[in-house]
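Just below is one structure, and these are the notes that go with it.
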Amino acid sequence: LAARRFWVRFPAPVFLHGVSMFSLCMVAGLCRGACVEVDSDTEAVANEGFKLGCISCKMRAEVPAKAVVTWGFRGADDQEFSPLYEYEEKRGSVLDPRFEERLDWNGSKNTEDLQDGSIYILNVTFNDTGTYECTFRRTLIYTNYNFENSTTKQIRLRVVPKRKNRDILVQILVQIQILIQIQICFSPSLCPCRAEYLAVASESKENCGAVQEAE
Ligand SMILES: *[C@@H]1O[C@H](CO)[C@@H](O)[C@H](O)[C@H]1NC(C)=O
Ligand SMILES: *[C@@H]1O[C@H](CO)[C@@H](O)[C@H](O)[C@H]1NC(C)=O
Ligand SMILES: *[C@@H]1O[C@H](CO)[C@@H](O)[C@H](O)[C@H]1NC(C)=O
Ligand SMILES: *[C@@H]1O[C@H](CO)[C@@H](O)[C@H](O)[C@H]1NC(C)=O
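Taking mature numbering (1 follows the signal peptide of the UniProt record, and there is no 0), I'd label the letters of the sequence shown as residues -33 to -1, 1 to 182.
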């Protein structure tokens, strides 16, 4: 297996650097233009910040596009979704008074071609428990016509009290998850960060050889 040979032949510092790069990519969901639709976390800690993740990859990366992202919120006691946040033309606005001054854009920056529509809740309260819905309304711009498409995702958020010390089991699970991600990364078709690895590996000719051989 390519991955196993990597374990053996890759010097630890280079390897760890690669791991951290890859984790970074998974967290950001975006890596060198390759878009990965990572699901949002669903458990927030009261009085801390929380990122509501929402990524919608453009199926045709080569076609220019622009997108508007809107968020809705249905609190635990609400019957229906109400408008929460809107991001259009590089500007965001909070539409729900309950979240006034508490939401920030955490999605794609300096572009209208949005693929990451994440927002950040500052200082989460227990009242933020509920379902969040993000909608991408994307316009693909072809030479002679535009094509509209929209996608909606829902996130069910739980708010928990502050943890005193981090659960050891959770940490172990995170480690296992990272290992699985590494396996995925080394399977040739699925690696979004291959370019980064090769760039790191080429710092040393010998390692670069190992990379090519492993493929
Ligand atoms: C998300 O927003 C928070 C609050 O404004 C900010 O501290 C953080 O750096 C942002 N993160 C990203 C990745 O934009
Ligand atoms: C967060 O909100 C709680 C409750 O509204 C408040 O007591 C606390 O001071 C706030 N913390 C920050 C950092 O704004
Ligand atoms: C949470 O909601 C209750 C009931 O609507 C309200 O009385 C309370 O002030 C809210 N708490 C915060 C921190 O917004
Ligand atoms: C619209 O976008 C969704 C999600 O990105 C995709 O699955 C679907 O195929 C798109 N529809 C069309 C007609 O392209």
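Ideal Cβ positions, reconstructed from N, Cα and C, are used throughout, including at glycine. In this text the structure is predicted, and so the values were computed from the model without any measurement.
Which of the three DSSP states, helix, strand or coil, is assigned to residue i?
i        : result
Pro50    : strand
Leu89    : coil
Arg125   : strand
Leu136   : helix
Arg69    : coil
Asn14    : coil
Phe(-24) : Below a pLDDT of 50, predicted positions are generally treated as unreliable, and Phe(-24), at 47, falls in that range; the measurement from the model is reported next regardless. Here Phe(-24) sits in coil by DSSP.
Asn77    : coil
Asn111   : coil
Quick one: what's residue i bridged to in DSSP?
i      : result
Ile22  : Asp83
Ser117 : Arg104
Ala34  : Arg105
Tyr99  : Phe40, Ile122
Gly59  : Tyr54
Below 8 Å on the Cβ atoms is my contact criterion, and I expect residue i with residue j to pass it. Report the Cβ-Cβ distance as a whole number of Å.
i      : j      : result
Thr37  : Arg123 : Contact doesn't hold; Cβ gap of about 18 Å is too wide.
Asp80  : Lys33  : 6 Å
Ala13  : Thr92  : 6 Å
Gly59  : Gly97  : That pair is no contact at about 20 Å.
Ile108 : Val35  : With 8 Å as the limit, Ile108 and Val35 do not qualify as a contact, their Cβ atoms being about 14 Å apart.
Could you tell me if residue i is buried or exposed, where buried requires 16 or more neighbouring beta carbons within 10 angstroms of its beta carbon?
i       : result
Cys(-3) : Bear in mind that a pLDDT of 49 at Cys(-3), under 50, signals an unreliable position, so the model cannot answer this.
Leu146  : exposed
Tyr112  : exposed
Val126  : buried
Tyr54   : buried
Phe153  : buried
Tyr52   : buried
Asp95   : buried
Ser7    : buried
Leu140  : exposed
Arg105  : buried
Leu19   : buried
Phe17   : buried
Phe40   : buried
| query | Is the segment 11 to 30 touching the segment 87 to 101, taking contact as three or more C-beta pairs under 8 Å? | reply | The segment 11 to 30, when compared against the segment 87 to 101, does touch it at the 8 Å Cβ threshold.
| Segment contact, 8 Å Cβ cut-off, at least three pairs: the segment 60 to 78 with the segment 87 to 95 | Contact between the segment 60 to 78 and the segment 87 to 95 is present, because at least three Cβ pairs lie under 8 Å.
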